[in-house]
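Below is one structure, written out as structure tokens; comments come after it.
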Amino acid sequence: MPPCHEHTYNQRRYMRSELSALWKADSEDDIAPDTVIHTDETFTPDLNIFQDVMHKDTLVMSFIDEVFMLKPGLSLRSTYLAQFLLLLHRKALTLLKYIEDET
Numbered sequence: 000m001p002p003c004h005e006h007t008y009n010q011r012r013y014m015r016s017e018l019s020a021l022w023k024a025d026s027e028d029d030i031a032p033d034t035v036i037h038t039d040e041t042f043t044p045d046l047n048i049f050q051d052v053m054h055k056d057t058l059v060m061s062f063i064d065e066v067f068m069l070k071p072g073l074s075l076r077s078t079y080l081a082q083f084l085l086l087l088h089r090k091a092l093t094l095l096k097y098i099e100d101e102t
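Here the sequence shown is numbered in numbering that gives the first Met the number 0, starting from 0 and rising by one per residue.
Structure (structure tokens):
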């Protein structure tokens, strides 16, 4: 499981880089789209707020493991699946609301 602070750390580095590019520019017209993200030399070119990480997703893996532990004929299995889909839907809505608030 990735460290809890990994996303926050990467987001702050990304925002610091964009802010430093804005401070260095005289006006908004001087800002090139390619230089906004890549101003810091320690930045990797593909680094952004949403990036691939090398950690496994434990939420889906644990769900799959738990579903296969239940017997196929039980109504509990379909109920468990419905609850998981509801959880994913709520997480997606939370992410969308966060993105709407930030932009």
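No residue lacks a Cβ here, since even glycine has one placed at the ideal position from N, Cα and C.
If we ignore side chains and look at the alpha-carbon of each, how far apart do M60 and L69 end up? Start at 1 with the first residue of the sequence shown, and residue 60 comes out as number 61. Start at 1 with the first residue of the sequence shown, and residue 69 comes out as number 70. So the two alpha carbons sit approximately 15 Å from each other.
List the endpoints of the continuous alpha helix (DSSP H) containing L86. By 1-based counting over the sequence shown, the position of residue 86 is 87. Where L86 is concerned, the enclosing alpha helix (DSSP H) stretches over S74 to E101.
Going straight from the alpha carbon of A91 to that of L75, what length do you get? In the sequence shown, the residue the question calls residue 91 occupies position 92. In the sequence shown, the residue the question calls residue 75 occupies position 76. Rounded to whole angstroms, A91 to L75 spans 24 Å at the Cα level.
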